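Protein sequences appear in the order of chains C and Y. For the first sequence, this note's numbering assigns the number 650 to the initial residue and increments by one for each residue that follows. For the second sequence, this note's numbering assigns the number 650 to the initial residue and increments by one for each residue that follows. Cβ atoms here follow ideal geometry from the backbone N, Cα and C, with glycine treated the same way. Treat the numbers as computed from the prediction; the structure is a model and nothing was measured. Down below is the structure, laid out as structure tokens.
2 protein chains.
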Amino acid sequence: MGLRERKKLAAWRTIRSTALRLISERGFDAVSVEDIAAEAGVSRTTFFSYFPSKEAVAFEFDPLDLQRWRTLLEDDVDDDDRPLWEALTDLFVDVARLLSEWLPVQKRVVADCPGLANSARGSCDSFAPDLRAWIGRRLTDDDELRTALVFNTALAAFMTAVEVWDPDDSLDELLELVRTCLRWAGAGLAHPVS
Amino acid sequence: MGLRERKKLAAWRTIRSTALRLISERGFDAVSVEDIAAEAGVSRTTFFSYFPSKEAVAFEFDPLDLQRWRTLLEDDVDDDDRPLWEALTDLFVDVARLLSEWLPVQKRVVADCPGLANSARGSCDSFAPDLRAWIGRRLTDDDELRTALVFNTALAAFMTAVEVWDPDDSLDELLELVRTCLRWAGAGLAHPVS
DNA sequence: ACCGAAAGCTGAACTGAGTACAAGTTCTTA
DNA sequence: TAAGAACTTGTACTCAGTTCAGCTTTCGGT
Numbered sequence: 650m651g652l653r654e655r656k657k658l659a660a661w662r663t664i665r666s667t668a669l670r671l672i673s674e675r676g677f678d679a680v681s682v683e684d685i686a687a688e689a690g691v692s693r694t695t696f697f698s699y700f701p702s703k704e705a706v707a708f709e710f711d712p713l714d715l716q717r718w719r720t721l722l723e724d725d726v727d728d729d730d731r732p733l734w735e736a737l738t739d740l741f742v743d744v745a746r747l748l749s750e751w752l753p754v755q756k757r758v759v760a761d762c763p764g765l766a767n768s769a770r771g772s773c774d775s776f777a778p779d780l781r782a783w784i785g786r787r788l789t790d791d792d793e794l795r796t797a798l799v800f801n802t803a804l805a806a807f808m809t810a811v812e813v814w815d816p817d818d819s820l821d822e823l824l825e826l827v828r829t830c831l832r833w834a835g836a837g838l839a840h841p842v843s
Numbered sequence: 650m651g652l653r654e655r656k657k658l659a660a661w662r663t664i665r666s667t668a669l670r671l672i673s674e675r676g677f678d679a680v681s682v683e684d685i686a687a688e689a690g691v692s693r694t695t696f697f698s699y700f701p702s703k704e705a706v707a708f709e710f711d712p713l714d715l716q717r718w719r720t721l722l723e724d725d726v727d728d729d730d731r732p733l734w735e736a737l738t739d740l741f742v743d744v745a746r747l748l749s750e751w752l753p754v755q756k757r758v759v760a761d762c763p764g765l766a767n768s769a770r771g772s773c774d775s776f777a778p779d780l781r782a783w784i785g786r787r788l789t790d791d792d793e794l795r796t797a798l799v800f801n802t803a804l805a806a807f808m809t810a811v812e813v814w815d816p817d818d819s820l821d822e823l824l825e826l827v828r829t830c831l832r833w834a835g836a837g838l839a840h841p842v843s
């Protein structure tokens with residue numbers, strides 16, 4: 650990793666952590682991009698060269714987390730023998746683990762500024778496409794509809810777990826919630842389960 | 650309905666249809682709120698008194714549709730004897746019928762301006778809360794998790810149908826897709842269905 | 001039909017997000 | 001170490017969204 654790349658990641662992280670600090674102190678609306686840039690020691694222009702919008706700085710994933718996530722997917726692609734939904738469940742458990750630091754922050758930001766709920770959803774867009782492709786590869790029949798349905802439903806189940814989870818509770822509770830939600834969604838919601 | 654209310658609805662519709670026309674002509678980004686207001690014969694300020702944002706004008710539902718939707722829910726609340734998931738499926742079929750004019754427009758707008766995908770999701774927020782409450786009422790046990798899961802999953806299935814549907818195809822195809830998606834999601838996705 | 005109150009409309013002036021660009025600085029590589 | 005690519009910065013701009021004071025229209029009671 651050359652000097653240039655290292656500096657870039659460092660700048661990214663400085664800007665992001667500064668932003669999160671200010672936002673959690675004053676609230677999202679009360680912090681301007683100007684403020685963040687100044688506090689992080691870069692220009693407004695530079696801020697926008699790192700993040701496409703003010704919202705992005707609050708919701709984008711760390712590049713390294715993203716890389717870890719891709720690795721996770723590639724490692725898992727080999728054992729085609731496991732049932733899809735089982736593998737999917739484990740995958741989401743891993744995602745939850747990966748995002749364990751991240752989720753409480755997100756939830757706090759969204760809680761005090763509900764208008765950001767949409768952007769929060771959008772934050773999944775950075776890792777979701779890979780997952781979708783992964784599902785498509787695993788579903789032998791080349792069924793567009795089924796791929797989309799499995800993907801969207803599994804994601805909805807995951808989001809439900811995140812939504813219901815109380816950040817004050819332990820990480821294990823979240824992981825258990827994720828497993829429960831995916832089990833229910835996989836087993837069928839038409840008939841009540843115990 | 651007094652004169653005041655009638656005028657208001659009329660203005661709402663004028664602004665909205667003007668906006669949609671301009672947007673479909675020039676694309677979302679190439680139309681300013683100024684343009685829309687001018688073309689609709691109101692001031693910029695008035696525009697923002699009707700719609701909270703430029704995006705909202707492209708995605709908010711017609712007040713009358715919303716009212717019809719609420720009626721639909723109330724009518725359906727009586728027959729508690731039908732299985733929940735069946736009632737839910739019919740409900741979404743009705744929603745699809747209600748939005749049949751609307752969906753193709755949405756899809757076109759989003760297609761030529763992908764950044765709006767999040768806002769498009771948000772458009773469900775106007776009718777979703779009612780649905781969620783409805784589900785909560787139907788689930789006898791007062792289970793927060795289960796309510797959220799059923800709601801999110803059903804919505805995801807519905808969105809999948811919309812996503813896969815080609816607006817050039819007939820409305821019946823959409824309705825059939827909605828039924829298929831909800832059936833699959835309800836029956837359980839863990840095991841492949843024919 | 002009239003009047004006071006309430007609701008709606010408007011223009012002006014403001015803040016802040018996001019973009020474009022030209023000029024300067026720092027890293028890379030040959 | 002020199003040429004060039006990549007990064008940073010200030011400036012100047014457009015446009016979304018808010019606030020507010022003053023005007024017009026509608027409403028309800030008389």
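Point to revise | Closest residue to residue 796 (chain C) among C:700, C:733, C:754, C:763 (Cα-Cα distance) | key: C:733
Proximal residues, the segment 750-783 of chain C versus chain Y, C-beta separation under 7 Å | 767, 768, 770, 771
Once you ignore the five residues that flank residue 665 (chain C) on each side, which residues in its own chain have a CB closer than 7 Å to its CB?
-> 706
- Query: With distances taken between CB atoms, is the gap from residue 676 (chain Y) to residue 743 (chain Y) smaller than 8 Å?
  - Reply: no
At least 3 beta-carbon pairs within less than 8 Å: the segment 738-757 of chain Y vs the segment 713-721 of chain Y
yes
**Report entry** Nearest-angstrom Cα separation, counted from residue 736 (chain Y) out to residue 768 (chain C)
**Finding:** 31 Å
Any chain Y beta carbon closer than 8 Å to residue 813 (chain C): yes
* Asked: Nearest to residue 753 (chain Y) by alpha carbon, out of Y:699, Y:818, Y:679?
  -> Y:818
Q. For a contact meaning CB atoms closer than 8 Å, what does residue 793 (chain C) contact in chain Y?
A. 813
Q. From residue 816 (chain Y) to residue 837 (chain Y), what does the alpha carbon distance come to, in whole angstroms?
A. 28 Å
Q. Exposed or buried, residue 826 (chain C), counting other C-beta atoms within 10 Å across all chains shown (16 or more means buried)?
A. buried
task: Give the secondary structure of residue 763 (chain Y) by DSSP, where H, G and I count as helix, E and B as strand, and everything else as coil.
output: helix
Fill in: 8 Å Cβ cutoff, residue 809 (chain Y) in contact with chain C
yes
What residue from Y:790, Y:672, Y:688 has the CA that sits closest to residue 757 (chain Y)'s CA? Y:672
Alpha-carbon to alpha-carbon, residue 680 (chain C) and residue 794 (chain C)
43 Å
Check: Hey, is residue 785 (chain Y)'s beta-carbon within less than 8 Å of any beta-carbon in chain C?
Finding: no
key: Reduced DSSP secondary structure (H/G/I, E/B, other) of residue 824 (chain Y)   = helix
Is residue 800 (chain Y) closer than 8 Å to residue 710 (chain Y) when the C-beta atoms are compared? no
### Query
Which of the three DSSP states, helix, strand or coil, is assigned to residue 650 (chain Y)?
coil
How about residue 798 (chain Y): is its C-beta nearer than 8 Å to some C-beta of chain C? yes
Could you tell me the distance, in whole angstroms, from the CA atom of residue 702 (chain C) to the CA atom of residue 792 (chain Y)?
38 Å
Residue 682 (chain Y) vs residue 660 (chain Y) beta-carbon contact at 8 Å: no
Notebook entry, point to check: What residues in its chain sit with their C-beta under 6 Å from that of residue 781 (chain Y), if we drop five residues either side in the sequence?
Noted result: 800
Problem - Proximity winner among C:723, C:668, C:787, C:807, relative to residue 731 (chain C) (alpha-carbon distances) - result: C:787
message = Quick check on DSSP: helix, strand or coil for residue 746 (chain C)?
response = helix
- Within the 8 Å Cβ cut-off, does residue 834 (chain Y) reach chain C? yes
Requested in this report: Could you please give the first and the last residue of the uninterrupted alpha helix (DSSP H) stretch that includes residue 676 (chain Y)?
Outcome: Taken as a continuous stretch (DSSP letters only), residue 676 (chain Y) belongs to no alpha helix (DSSP H), as it is neither H nor E.
*What do you reckon, are the CB atoms on residue 804 (chain C) and residue 833 (chain Y) nearer than 8 Å?*
no
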